[in-house]
Amino acid sequence: MIKESKQEYLIRVAGPGDAAAVTALFKESYPLLMSQAYDKATLAAALEVMTTANPKLLASGTFYLAESRVGQVVGCGGWTRETPGSGMVHGHVAHIRHFASHPDWIGHGIARSILALCEREARLAGIKQLECYASLNAVGFYGALGFDSVGSIEVRIGTGVTLPSVLMRRTV
Ligand SMILES: CC(C)(COP(=O)(O)OP(=O)(O)OC[C@H]1O[C@@H](n2cnc3c(N)ncnc32)[C@H](O)[C@@H]1OP(=O)(O)O)[C@@H](O)C(=O)NCCC(=O)NCCS
0 MIKESKQEYL IRVAGPGDAA AVTALFKESY PLLMSQAYDK ATLAAALEVM
50 TTANPKLLAS GTFYLAESRV GQVVGCGGWT RETPGSGMVH GHVAHIRHFA
100 SHPDWIGHGI ARSILALCER EARLAGIKQL ECYASLNAVG FYGALGFDSV
150 GSIEVRIGTG VTLPSVLMRR TV
């Protein structure tokens with residue numbers, strides 16, 4: 000699918016071969032955009048883990064990329080039945096995973112487009128509710144897309160640091 004925008008991009012399913020490009024995107028996006036909401040020390044510890052692409056997500060078939068006309072990966076995000084961290088599956092609930100847009104492409108509707116695709120695919124797979132662990136800087140984004148804040152949570156990143164976040168939900 001090609002989205003009309005000031006800057007055009009194509010959305011496609013990710014694969015294991017996209018690991019380096021997705022890691023590069025996280026390294027461009029997270030440190031800059033998350034610094035609006037977290038202090039340097041918390042972020043530095045979390046980003047060490049967060050900026051590496053997750054091979055399981057890349058191979059899931061439900062993780063998507065936005066690619067520019069010149070083949071640069073400028074956005075990503077996906078969904079899984081597995082709960083991040085525990086890996087548990089709860090009925091008709093799916094989890095929104097690892098959304099990021101490149102700072103040069105913010106506000107072009109990339110994350111909205113990928114989320115719409117997640118919602119459509121999840122609904123077709125029988126999912127009734129989407130959940131996400133929203134980083135504090137992304138609460139406004141998820142709110143704009145119809146998610147409700149359920150409460151504050153601490154998300155464990157790797158084995159050490161925890162990141163203050165918000166549990167958000169939306170019916171599909
Ligand atoms: C959150 C993020 C993915 C949004 O990406 P994006 O491609 O700029 O989002 P879109 O352009 O699709 O925005 C969709 C809507 O959300 C709104 N929105 C986006 N970010 C917002 C924010 N921080 N606060 C309030 N609203 C926001 C936009 O205004 C837009 O609404 P509109 O269509 O009515 O104008 C991006 O800011 C990002 O990569 N952040 C860093 C990584 C991160 O925190 N990821 C989430 C982890 S849980």
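Okay, so the sequence shown: first residue is 0 according to numbering that gives the first Met the number 0, each after it adds one.
The beta carbon of each residue, even a glycine, is placed where N, CA and C say it ideally should be.
- Per DSSP, the continuous beta strand (DSSP E) segment holding threonine 161 begins and ends at 161 to 170.
- Residues of the same chain with a CB within less than 8 Å of the CB of histidine 91, apart from the 5 flanking positions on each side, are Gly125, Ile126, Lys127 and Gln128 in chain order.
- Within 8 Å of the C-beta of arginine 68 there is not a single heavy atom belonging to ligand 1.
- In the structure shown, arginine 80 falls within a coil segment according to DSSP collapsed to helix, strand and coil.
- By the Cβ-count criterion, methionine 33 is buried, with 16 or more other Cβ atoms from all chains shown falling within 10 Å of its own Cβ.
- For phenylalanine 62, the enclosing beta strand (DSSP E) stretches over residues 62 to 67.
- Under the three-state reduction of DSSP, serine 34 is assigned to coil, being neither helix nor strand.
- Checking the DSSP bridge columns, you'll see serine 151 partnered with Val165.
- The straight-line gap separating the alpha-carbon atoms of histidine 94 and threonine 79 is approximately 5 Å.
- Boundaries of the beta strand (DSSP E) around serine 100: 92 to 100.
- In the DSSP assignment, serine 112 falls within the alpha helix (DSSP H) that extends over 109 to 123.
- Under the 10 Å beta carbon count, histidine 97 is surrounded by 16 or more other beta carbons and is classified as buried.
- By the C-beta density criterion, glutamate 47 is exposed, having fewer than 16 other C-beta atoms within 10 angstroms.
- Excluding five sequence positions before and after methionine 49, the CB atoms of its chain that fall closer than 8 Å to its own CB belong to Phe25, Tyr29 and Ile156, given in chain order.
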